[in-house]
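Undergrad:
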Amino acid sequence: MSDEWKAEESRVGDDKSWKLLEKAVLAGVQEQRRARRWGIFFKLLTFLYLFVALALFSPLSGLSKSASRSASHTALIEVKGMIADDEPASADNVVGALRKAFEDAGTKGIVLRINSPGGSPVQSGYIYDEIKRLRAEHPDIKVYAVISDLGASGAYYIASAADQIYADKASLVGSIGVTAATFGFVGTMEKLGVDRRVYTSGEHKAFLDPFQPQKADETAFWQNVLDTTHKQFIDSVKKGRGDRLKDKDHPELFSGLIWSGEQALQLGLIDGLGSSSYVAREVIKEKELVDYTVQETPFDRFAKKLGASVAERLALWMGWQGPALR
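Read in order, the letters of the sequence shown correspond to residues 42 to 367 in the working numbering.
The structure is reproduced here in structure tokens:
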């Protein structure tokens, strides 16, 4: 093979390699462009989704149920679910709704529609005290508690501040008591061969640690805390219900037991049987109900769940809870 032929063959081979390389580079550039375009598309789609979500879930996206008020109406406030901070039935939400209802010139009476197992004694106490305070400021506007399925413990604490309490004959009412729960893992730790090492600067700083044996003096102290909270609960119920409560003949009223609405009526825990609409129509004499309940948007609920504290989740995982009226 001549040198000229070899040179030509080498040149042709180089041209082919260059063309292949050029094609590969062009293909890579096109792929990058496609990826960039898709990236921009998905970013725009994400921004559009967030914009629509904020528009839909914003408090300004629609008027509240209480925005259109008649000249005369019965104000309705829901107390639903656990009574606790950062819950729909928190003191801030219920008290805020109460204040708006009392301040509205068209309010002829207020119905607290309760369906709750109870919860925080602090939150319940705040609501109880605010009902009493607002009633003193607005003597012409009465408050009626209406228990639907359940009005127990902290929920009944709140209800006892009302002028009258109504329930269905099958509602569950009462449970005037205090509870605090945790677990003991001492035996489990021993079986696993794990030592618990806690360093504190106070003799009782790790008191009621579920991984250590109980101490008699600390258990007695904690029981005293629960008894004190229970007494506060009892005193508030007695103050709210007065002579209507048949506690002298039935001391078991304060034992934590719960009764049906029909039984609760006989015990003086409630004043009558009826629904929210019944109370509005027959007792307050203003059948139109206007809802003042603080309406939490789905976006608010999502944000709260997203921002839940690690300490709270850890406490739940450990099985520890503070005193609760339920």
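The beta carbon of each residue, even a glycine, is placed where N, CA and C say it ideally should be.
1) Determine the extent of the beta strand (DSSP E) in which V135 is found, giving its start and end residues.
2) With distances taken between CB atoms, is the gap from W300 to L310 smaller than 8 angstroms?
3) Could you spell out the range, first to last residue, of the beta strand (DSSP E) harbouring L153?
4) Can you tell me whether Q273 is helix, strand or coil according to DSSP?
5) Specify, as a first and last residue, the run of the alpha helix (DSSP H) that I199 falls within.
6) Kindly give me the distance between the Cβ atoms of G137 and E128, rounded to whole angstroms, as I take these residues to be in contact under 8 angstroms.
7) In the DSSP assignment, find the unbroken beta strand (DSSP E) run with A208 in it and report its ends.
8) In terms of residue numbering, what span does the alpha helix (DSSP H) encompassing A305 cover?
9) So, do the region 222-239 and the region 189-202 have three or more beta carbon pairs nearer to each other than 8 angstroms?
10) Within 10 angstroms of the Cβ of T241, are there 16 or more other Cβ atoms? Answer buried if so, exposed if not.
11) Figure out for me which residue from L117, G234, E244 has the closest Cα to the Cα of K183.
12) Would you kindly work out how many angstroms separate the C-alpha atoms of A332 and D204, rounded to a whole number?
13) Taking only three categories from DSSP, how would you classify V184?
14) For D288 and T269, I'd like the C-alpha separation in whole angstroms.
15) Just how far apart, CA to CA, sit I172 and L139?
16) If you follow the beta strand (DSSP E) that L117 is part of, which residue opens it and which one closes it?
17) Let me know if S201 comes out buried or exposed under the rule of 16 or more other beta-carbons within 10 Å of its beta-carbon.
TA: Looking at the coordinates:
1) Taken as a continuous stretch (DSSP letters only), V135 belongs to no beta strand (DSSP E), being part of the alpha helix (DSSP H) at 132-144.
2) yes
3) 148-157
4) helix
5) 195-200
6) No, G137 and E128 are not in contact; Cβ-Cβ is about 14 angstroms, not under 8 angstroms.
7) 205-208
8) 302-308
9) no
10) exposed
11) L117
12) It should be pointed out that residue 332 corresponds to Asp in this sequence rather than to Ala. The alpha-carbon atoms of D332 and D204 are separated by roughly 20 angstroms.
13) strand
14) 19 angstroms
15) 8 angstroms
16) 114-121
17) buried
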